[in-house]
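Trainee:
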Amino acid sequence: MKTIIEDWFHKYSDDLYGWAYHKTSSKEVAEDLVQETFLSAVKGLKKFQNKSNPKTWLFAILNNKIIDFYRKKGKSSTVNSQRLEHTYTDTTDSFFDSNQNWKNTGNEVYWEEEVHLLDNDEFKKVMDHCVNVLPENWRLAVLSKYVLGQTATEICQELKVTQSNYWQIIHRAKVLLKKCIDQNWTSSN
Amino acid sequence: MLRRILGTLTFSCKRITEITEKKQVIKLSMTDRLRYELHLFMCKFCSSYVKQSQIIEKALLRMFGSSKNFVPKLDKSSKKNILDRLKKEN
Chain A
1 MKTIIEDWFH
11 KYSDDLYGWA
21 YHKTSSKEVA
31 EDLVQETFLS
41 AVKGLKKFQN
51 KSNPKTWLFA
61 ILNNKIIDFY
71 RKKGKSSTVN
81 SQRLEHTYTD
91 TTDSFFDSNQ
101 NWKNTGNEVY
111 WEEEVHLLDN
121 DEFKKVMDHC
131 VNVLPENWRL
141 AVLSKYVLGQ
151 TATEICQELK
161 VTQSNYWQII
171 HRAKVLLKKC
181 IDQNWTSSN
Chain B
190 MLRRILGTLT
200 FSCKRITEIT
210 EKKQVIKLSM
220 TDRLRYELHL
230 FMCKFCSSYV
240 KQSQIIEKAL
250 LRMFGSSKNF
260 VPKLDKSSKK
270 NILDRLKKEN
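Chains as they are written, first to last, in our numbering: chain A, 1 to 189; chain B, 190 to 279.
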């Protein structure tokens, strides 16, 4: 081989596995992802330039695998997703008035004042639902940023969007999550 | 009315939601920071939004990533399986 890959495996597999586990919450999935990462590394070894750090390179491969995993977990198809993006852009616009300020609906929900929200299973259910109804690209951007901690540049490359587009996606997705929680959290409580 | 004045003096609420994301990675200028803080001080919707936004971020981390205190390791048999699989690829 490829003994170099074996060497890397001994050095980095635990770190990669730990990371994958934290991002997927499943030992089985994490193990699969680590295996796939090293298989990809074997195939792509030529592309690896000795200039870069092998650990960084392996983590980059793993992060792509994790994103694929999130992608598969989502429900919407790509075509639907594009249509959804347009609809959801309009939806987020509709939360603001002509001066771009929040529309005063009179029934604002201040759920941030509730305690132990993060330990509340009902809240988690609402969050899970709200993340899952986001258009695919938006969901991937949000998960890559807030769960994987990827940079804007990395996410732009993966999703093939411009930086300004990326910021639009991120803040609109966040606004949608907020509104989705507003709606679902009150109705269930 | 108050918010309309606020909009010309500082930022609109929509801009606040944008800047709330950006300011985590891009440093705001002194004036922009003042305008941002002034808006939050005067707008209960946005000050609520910023807090909710932080909760959403924490919830995302908790739900899609697990506790950092527990770091699992690959067990020996799994490692052997993967290594065998890698050797086959050779």
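Built from N, CA and C at the ideal position, the CB exists for glycine as well.
Please classify B/Thr206 as buried or exposed, where buried requires at least 16 other C-beta atoms within 10 Å of its C-beta.
Mentor: The residue in question, B/Thr206, is buried, as its Cβ has 16 or more Cβ neighbours within 10 Å.
Trainee: For the region 163-176 of chain A, which residues have a CB atom closer than 9 Å to at least one CB atom of chain B, in sequence order?
Mentor: For the region 163-176 of chain A, which is checked against every Cβ of chain B, the residues closer than 9 Å are Trp167, Gln168, Ile170, His171, Arg172, Lys174 and Val175.
Trainee: Near B/Phe200, which residues of its chain fall below 7 Å by C-beta distance, leaving aside the five closest residues on each side in sequence?
Mentor: If we look at B/Phe200 and ignore the five residues flanking it on each side, its Cβ neighbours are Ile208, Arg224, Tyr225 and His228.
Trainee: Of all Cβ atoms in chain B, is any one closer than 8 Å to the Cβ of A/Phe9?
Mentor: At least one chain B Cβ lies under 8 Å of A/Phe9.
Trainee: Helix, strand or coil, according to DSSP, for A/Phe48 in the structure here?
Mentor: Of the three classes helix, strand and coil, the one that applies to A/Phe48 here is coil, per DSSP.
Trainee: Any idea what DSSP makes of A/Phe96, helix, strand or coil?
Mentor: Note: A/Phe96 maps to strand in three-state DSSP.
Trainee: Determine contact between the region 1-19 of chain A and the region 54-62 of chain A, defined as no fewer than three beta-carbon pairs at a distance below 8 Å.
Mentor: Yes, they touch.
Trainee: If we ignore side chains and look at the alpha-carbon of each, how far apart do A/Tyr21 and B/Ser267 end up?
Mentor: Using only the alpha carbons, I get a separation of about 14 Å.
Trainee: If you follow the alpha helix (DSSP H) that B/Thr199 is part of, which residue opens it and which one closes it?
Mentor: B/Thr199 -> no alpha helix (DSSP H), and no H or E assigned at all.
Trainee: Starting from B/Cys232, trace the alpha helix (DSSP H) both ways and give me its first and last residue.
Mentor: Counting along the chain, B/Cys232 falls outside any alpha helix (DSSP H), and DSSP gives it neither H nor E.
Trainee: For A/Tyr146, which of B/Leu198, B/Asp221, B/Asp264 and B/Val214 has the nearest alpha-carbon?
Mentor: The shortest C-alpha separation from A/Tyr146 is found at B/Val214.
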